[in-house]
Amino acid sequence: MLFVRKRYILTTVILLLVVYSLFHGLPPAAETPEVDDTEFSPPPPPEQDDDDRIRWTKRPEKYPVDSYIQLPTAAPSPIPQIQHNFPSESWYDRGQRLKRQSAVKAAFQHAWKGYKRHAWLHDELSPLSGHNRETFAGWAATLVDSLDTLLIMGMTDEFEKALAALDHIDFTTTDANQINVFETTIRYLGGFMAAHDLTNGKYPILLKKAVEVAEFLYNAFDTRNRMPQSRWEWTR
Amino acid sequence: MDSIQKNTPVPGLWPVMINAETMQSSDPRFTVGGMADSMYEYLPKEHLLLGARTDQYSKMYASAMDAIKDLLIFRGMTKDKREVFFAGNYNSILNRKEDVEHQSEHLKCFLGGTVGIGAKVFQRPEELRLARGLTEGCIWAYDSMPTGIMPEEFHVSACEDLETCKWNEHKWYQDVHRRLSKGSSPDNAFKEAKDLVKNHGLPPGMIDIGDAQYLLRYAVTSGLVYTLTFLDRRRLSRSSLCTG
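Just so you know, the sequences run in chain order A and S.
Just remember that this note's numbering sits 230 ahead of the position in the first sequence, which is counted from 1.
Just remember that this note's numbering sits 1369 ahead of the position in the second sequence, which is counted from 1.
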C-alpha cells in the first residue's frame, strides 16, 4: 500500500517539474507594448539667439591636399571566412537569447526615457542629479550617437522623433573653445553615418548633417602633414 | 605611422605619444591599452575596409603582432588553471626586456577579438589560441570580482611561461608583497602579504587593483562579440558575462 502511494507522489512530482521547466523555457510571448509616454514629449529647443555668436565659415586652406592616395578600385580580394560554422540554434537557446535581448532593450529604453526627460538636445544626462551637461561641444551627442541603436532595436517612432530634432543642431558654432576631434568624429560623424547606412539613405537629413559636421571638422586636418590636431581651437 | 613602425625603441610597436608634426617621439611607454589600443585594433579592420586589396595593413599587423607576442604577452596564474593571457606594458627606459609590467586594464579587452580577426583574415591560425586566451583573461577578471565586474586597471601574478602554470599560493603572496609592501622584515612578509590581500580585496591571482572603478567601458563587449564570431561559445569559460 505504502509502495503504491509513493509511486504516485514521485510521478506527480516529476510531471510537475517537467511541465514547469517546459513553460519556464518557452520563448517570451510577443512583447508587451511600450508604456505609452506620449503624455511626455520633449520640450521644443530654446529659441536660437543669433547675435554675437562666432560662427565657423568655410575659408581657403593653408595646406591643401595636392594629391590623394588612390583607394583600390578593383573588386575585393577573397577574404578568408572569419565566422565559425555554428550549428543551428536550438529552440531552448533561442528562448534564452530572446529573453536576454528583451532585457537589453528594456535597459536602453529606460536610459533613453531619462535622456528625453532631463537632457533632450543636450550632450549628456547626469543620472544622479537629473541635470545635463555639455561634454562634446553641445550638439546633442547622446541623441546623435544613439540614432543607430534606436534603429537596431526597432524603435522607429523614437528614431523619427529624434530625426525631427536634428534640424535644431547648429554645427557652425559651439560654446566650447576646443573641439575634441576624435570624439566629434566617432560620435557625431559616426552617429550620422551609421544611421544613414542602416536606413539605406532613406532620410536625407542624416547625410546633410553628416556633411555639416564633416565640413566643420575638416579644418582640423589643415596641417602641414594633414595629421589632425587632436584638440582643435576652432575660433583661431 | 607605417614609416616609423620599425624605427621605434620597440620595432613593431608605437610609443604612446608621437609628435604628429615631426613624427618624432621621446616617449618610452609602450602599451596596447589606453591611448594606443585603436591603432592596433584598426590594422585588420582597415585591411577589410579596403577589400583586402593592399598589403600595407597586413605587414603592419604582422610587425605589431611579432612585437606583442615577443615582448608583451604573459600568462596569468589562476587558481583554476584557466589559460589566461594578458598583454603587459613596457617602458623602454625603465624596463629590461624580461621585466614587462604585468598589468592589464579594461581597455585591453579588445585585443582577443582583434587577434582572432587577424588570425582568420591574415591566415595566422596559430594565433587563435592566443586570441581565446586574451578574451579568457578578461572573462576571468570579471569573474574574479565580488560584483562580477572587472576593475578598470590591475596587476596580475604572472606564470613562468605560457605553456604550463600551476597555482602557487606562495608565489601569489610574494608577488603581492613585492608590489604593495611598504617595507617590512622578511619574517613578517607572509603575514603582511595576507593583510594586504585582505585590505585591498585582492582576488586570487591579482596582486594590485590600481583602479577599481567601472567606467561603462564597452571594450570587453567588443572583444567578446568578435571572439564569439570565430569561436563557439562553448569553448569559452562559463561565465555570467557570456555563456552562463
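Heads up, the beta-carbon is just placed ideally off N, CA and C, and yes, glycines get one too.
Residue i, DSSP secondary structure in three states
{"i": "I1486 of chain S", "result": "helix"}
{"i": "S460 of chain A", "result": "coil"}
{"i": "E1452 of chain S", "result": "coil"}
{"i": "L351 of chain A", "result": "coil"}
{"i": "S356 of chain A", "result": "strand"}
{"i": "H1471 of chain S", "result": "coil"}
{"i": "Q300 of chain A", "result": "coil"}
{"i": "E1415 of chain S", "result": "helix"}
{"i": "V1566 of chain S", "result": "helix"}
{"i": "H426 of chain A", "result": "helix"}
{"i": "Q1374 of chain S", "result": "helix"}
{"i": "Q1492 of chain S", "result": "coil"}
{"i": "V1525 of chain S", "result": "strand"}
{"i": "H361 of chain A", "result": "strand"}
{"i": "N1537 of chain S", "result": "coil"}
{"i": "R1422 of chain S", "result": "coil"}
{"i": "I1437 of chain S", "result": "helix"}
{"i": "D323 of chain A", "result": "helix"}
{"i": "M1575 of chain S", "result": "strand"}
Residue i versus residue j: straight-line alpha-carbon distance, rounded
{"i": "E1522 of chain S", "j": "Y433 of chain A", "result": "42 Å"}
{"i": "R347 of chain A", "j": "P1515 of chain S", "result": "34 Å"}
{"i": "Q331 of chain A", "j": "S251 of chain A", "result": "20 Å"}
{"i": "V1525 of chain S", "j": "M1575 of chain S", "result": "4 Å"}
{"i": "A1436 of chain S", "j": "V1401 of chain S", "result": "11 Å"}
{"i": "E1561 of chain S", "j": "T1598 of chain S", "result": "45 Å"}
{"i": "D405 of chain A", "j": "L380 of chain A", "result": "28 Å"}
{"i": "P1494 of chain S", "j": "I312 of chain A", "result": "11 Å"}
{"i": "E319 of chain A", "j": "G325 of chain A", "result": "10 Å"}
{"i": "R1398 of chain S", "j": "R327 of chain A", "result": "42 Å"}
{"i": "L447 of chain A", "j": "R456 of chain A", "result": "13 Å"}
{"i": "G1517 of chain S", "j": "K329 of chain A", "result": "20 Å"}
{"i": "V243 of chain A", "j": "R237 of chain A", "result": "10 Å"}
{"i": "Y1587 of chain S", "j": "L246 of chain A", "result": "42 Å"}
{"i": "T1377 of chain S", "j": "P1384 of chain S", "result": "7 Å"}
{"i": "P357 of chain A", "j": "A341 of chain A", "result": "9 Å"}
{"i": "R466 of chain A", "j": "G1579 of chain S", "result": "40 Å"}
{"i": "F389 of chain A", "j": "L437 of chain A", "result": "15 Å"}
{"i": "D1556 of chain S", "j": "D1396 of chain S", "result": "40 Å"}
{"i": "M1519 of chain S", "j": "I239 of chain A", "result": "47 Å"}
{"i": "Y345 of chain A", "j": "S359 of chain A", "result": "12 Å"}
{"i": "L355 of chain A", "j": "E1474 of chain S", "result": "26 Å"}
{"i": "P458 of chain A", "j": "A392 of chain A", "result": "30 Å"}
{"i": "N178 of chain A", "j": "W464 of chain A", "result": "Nothing in the structure corresponds to residue 178 of chain A, since chain A is present only between 231 and 466."}
{"i": "F1559 of chain S", "j": "K1551 of chain S", "result": "13 Å"}
Residue j beta carbon less than 8 Å from that of residue i
{"i": "A1507 of chain S", "j": "G1485 of chain S", "result": "Just to set this straight, residue 1507 of chain S is Cys in the shown sequence, not Ala. Not closer than 8 Å, so no."}
{"i": "D1577 of chain S", "j": "L1549 of chain S", "result": "yes"}
{"i": "R363 of chain A", "j": "E1390 of chain S", "result": "no"}
{"i": "T397 of chain A", "j": "L428 of chain A", "result": "Residue 397 of chain A is actually Asp in this sequence, not Thr. No."}
{"i": "V1566 of chain S", "j": "Y1459 of chain S", "result": "no"}
{"i": "F366 of chain A", "j": "D1601 of chain S", "result": "no"}
{"i": "G368 of chain A", "j": "D387 of chain A", "result": "no"}
{"i": "Q1374 of chain S", "j": "M1429 of chain S", "result": "yes"}
{"i": "L1476 of chain S", "j": "P302 of chain A", "result": "no"}
{"i": "I284 of chain A", "j": "T414 of chain A", "result": "no"}
{"i": "S307 of chain A", "j": "A1421 of chain S", "result": "yes"}
{"i": "R417 of chain A", "j": "A371 of chain A", "result": "yes"}
{"i": "W1541 of chain S", "j": "P1572 of chain S", "result": "no"}
{"i": "A1527 of chain S", "j": "H1471 of chain S", "result": "yes"}
Member of the options whose CA lies at the smallest distance from the CA of residue i
{"i": "M423 of chain A", "options": "A:V411, A:V443, A:F412", "result": "A:V443"}
{"i": "L373 of chain A", "options": "A:W350, A:T386, A:S460", "result": "A:W350"}
{"i": "P310 of chain A", "options": "S:W1536, S:F1491, S:M1519", "result": "S:F1491"}
{"i": "L1593 of chain S", "options": "S:L1440, S:P1494, S:F1479", "result": "S:F1479"}
{"i": "A394 of chain A", "options": "A:L358, A:K439, A:N430", "result": "A:K439"}
{"i": "T1590 of chain S", "options": "S:P1573, S:N1568, S:D1556, S:T1504", "result": "S:T1504"}
{"i": "M1434 of chain S", "options": "S:A1500, S:G1552, S:Q1543", "result": "S:A1500"}
{"i": "W1509 of chain S", "options": "S:M1392, S:S1608, S:M1370", "result": "S:S1608"}
{"i": "I409 of chain A", "options": "A:Y345, A:L246, A:W462", "result": "A:W462"}
{"i": "F1443 of chain S", "options": "S:A1431, S:Y1426, S:K1466", "result": "S:K1466"}
{"i": "N1568 of chain S", "options": "S:P1555, S:D1556, S:H1546", "result": "S:H1546"}
{"i": "M1404 of chain S", "options": "S:A1431, S:L1419, S:L1382, S:P1413", "result": "S:L1382"}
{"i": "I211 of chain A", "options": "S:E1496, S:K1450, S:K1448, S:Q1425", "result": "Given a span of 231 to 466 for chain A in the structure shown, any question on residue 211 of chain A remains unanswerable."}
{"i": "L1610 of chain S", "options": "S:E1470, S:E1529, S:S1513", "result": "S:S1513"}
{"i": "V411 of chain A", "options": "A:S356, A:M383, A:S460", "result": "A:S460"}
{"i": "M1392 of chain S", "options": "S:Y1409, S:L1417, S:L1412, S:D1371", "result": "S:D1371"}
{"i": "M383 of chain A", "options": "A:V249, A:F338, A:L419", "result": "A:F338"}
{"i": "E1529 of chain S", "options": "S:S1407, S:V1469, S:L1605", "result": "S:V1469"}
Contacts that residue i makes with chain C (C-beta to C-beta distance below 7 Å)
{"i": "F1599 of chain S", "result": "Among the protein chains of the structure shown, namely A and S, there is no chain C."}
Exercise. Taking three-plus beta-carbon pairs below 8 Å as touching, is the stretch 1442-1456 of chain S in contact with the stretch 1579-1594 of chain S?
Worked result: Contact between the stretch 1442-1456 of chain S and the stretch 1579-1594 of chain S is absent, with fewer than three C-beta pairs closer than 8 Å.
Exercise. Counting pairs of Cβ atoms below 8 Å between the stretch 448-463 of chain A and the stretch 290-301 of chain A, do you hit three or more?
Worked result: Yes, they touch.
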